[in-house]
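*Asks:*
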Amino acid sequence: MNPFDRKLEEHQQTLTRSLPKILQLNTGKLCNITCTHCHVNAGPGRKELISSEHLTRTLDWFETTDIATIDLTGGTPEMHPEFRSLVERVRSFDQPREVLTRLNATIIEEPGYEWIPEFHAKHKVVCIASMPCYSPENVNEQRGDGVFDRSITAFQKLNKLGYGIDPELPLHLVYNPNGAFLPPEQKALEADYKREMKKHFDIDFHNLFCIANMPIARYAVYLKRNKQLAEYHKLLVESFNPASIDNLMCRDTISVDWQGRVFDCDFNQQLDMQLANGKPLDIWDVDIETFAAMPIITGSHCFGCTAGSGSSCGGALVEIG
Ligand code: SF4
Ligand code: SF4
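Numbering of the sequence shown is given in numbering that gives the first Met the number 0, commencing with residue 0 and proceeding in unit increments.
1) What are the boundary residues of the alpha helix (DSSP H) that residue 58 is part of?
2) Going by alpha carbons, who is nearest to residue 299 out of 286, 98, 229 and 158?
3) Run the proximity test for residue 25: is its beta-carbon closer than 6 Å to any non-hydrogen atom belonging to ligand 2?
4) Counting only runs that start and end within the region 122-188, where is the alpha helix (DSSP H) found for 4 or more residues in a row?
5) Between which residues of its own chain and residue 109 is the CB-CB distance below 7 Å, once the five residues before and five after are set aside?
6) Say yes only if the C-beta of residue 1 is nearer than 6 Å to one or more non-hydrogen atoms of ligand 2, and no if none qualify.
7) Just the residues with CB closer than 6 Å to a heavy atom of ligand 2, in chain order, which are they?
8) Looking at residue 125: is its Cβ nearer than 7 Å to the Cβ of residue 131?
9) Write down the C-beta distance between residue 211 and residue 310 rounded to the nearest angstrom, noting that I regard them as a contact closer than 8 Å.
10) Could you say which of 59, 203 and 172 lies nearest to residue 163 if we only look at CA atoms?
11) Could you pull out every residue in the same chain whose Cβ sits closer than 7 Å to the Cβ of residue 63, ignoring the five residues on either side in sequence?
12) Might you give, ordered along the chain, the residues of its own chain that have their beta carbon closer than 6 Å to the beta carbon of residue 35, omitting 5 neighbours on each side?
13) Pull up the DSSP beta-bridge partners for residue 100, would you.
14) Can you tell me which of the three DSSP states residue 279 falls into?
15) What residue does the beta strand (DSSP E) around residue 23 start on, and which one ends it?
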């Protein structure tokens with residue numbers, strides 16, 4: 000039994016699935032920047048992208064389900080050459096679905112990607128965008144030089160179209176710590192962000208999601224280089240919050256990688272912990288009822304989702320204080 004499962008047992012908790020509500024599709028590892036906290040090791044040199052064939056098979060499968068939301072992640076999903084046809088296809092389904100993108104706002108400022116704000120607004124794509132601080136130093140340190148200014152300009156363009164203002168055009172920002180510590184209380188930080196982003200840059204957004212950094216891939220290397228990996232892991236374990244278990248994202252998400260392989264979450268994906276049911280599972284072979292009964296594969300990294308207020312792609316899992 001791994002230490003996370005032991006901790007669950009200690010707290011008389013079990014981690015089981017319900018029917019999936021979200022299909023999270025990782026379109027590949029291509030990105031225009033290389034953030035230190037990236038758990039995907041994404042960057043400009045990465046070649047892994049979902050193929051046309053696998054994308055079609057994934058969407059064919061998705062169309063047959065009642066899953067309400069497709070959550071597009073990467074890398075930078077908009078850099079996939081078929082991003083637009085993917086969104087258009089989902090929008091053409093008889094049964095309406097919510098489309099979310101994990102938007103790296105800097106891509107809007109790259110030549111050739113000027114279409115993004117209008118396209119997203121036209122198709123009512125929900126934008127969830129990283130913005131680890133409202134001051135430039137922390138953002139540039141974590142995400143690279145110039146990222147802060149390019150993100151600000153991109154958010155202003157999105158605001159002009161109604162993103163962050165119109166309830167039909169949600170713009171949510173994502174905070175993650177710039178070091179080996181846990182995020183602060185989400186509601187209080189959201190109030191600070193709203194005040195400062197409005198005052199200094201006239202930017203509006205809907206919600207702030209606080210996400211803890213997961214000590215895997217590039218972020219684990221970064222912590223190791225700074226001799227903080229063991230200390231951060233200890234902090235995650237010691238901050239275990241049993242109240243977060245009910246809301247863990249692996250309970251109602253089905254995570255798919257650029258090869259169509261199925262995982263419990265994007266973290267397990269990066270750790271190559273593919274689900275299997277007799278044989279390794281691909282999305283087009285998934286039977287929803289069977290999937291819902293399959294055990295979730297856990298590991299020590301799961302403490303990254305259960306520390307403090309808990310953490311998921313939708314931010315904190317419990318309110319504290
Ligand atoms: S965290 Fe996001 S924006 Fe940064 S390198 Fe990774 S995929 Fe790209
Ligand atoms: S890392 Fe994945 S499997 Fe583990 S608790 Fe978090 S969401 Fe669930």
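All C-beta atoms in this analysis are idealised placements derived from N, C-alpha and C, irrespective of residue type, glycine included.
Predicted model, so just to flag it, every value in this text is computed and none were measured.
*Replies:* Let's see:
1) Element bounds for residue 58: 51-62.
2) Comparing Cα-Cα distances from residue 299 to each of 286, 98, 229 and 158, the minimum goes to 229.
3) no
4) 135-142 and 146-159
5) 31
6) no
7) 247, 248, 249, 263, 264, 266, 267, 295, 297, 300, 301 and 304
8) Contact check for residue 125 against residue 131 fails: the beta carbons are separated by 7 Å or more.
9) 4 Å
10) Nearest C-alpha to residue 163: 203.
11) none
12) 141 and 221
13) 71 and 126
14) DSSP places residue 279 in strand when its eight states are reduced to three.
15) According to the DSSP assignment, residue 23 belongs to the beta strand (DSSP E) that extends over 21-25.
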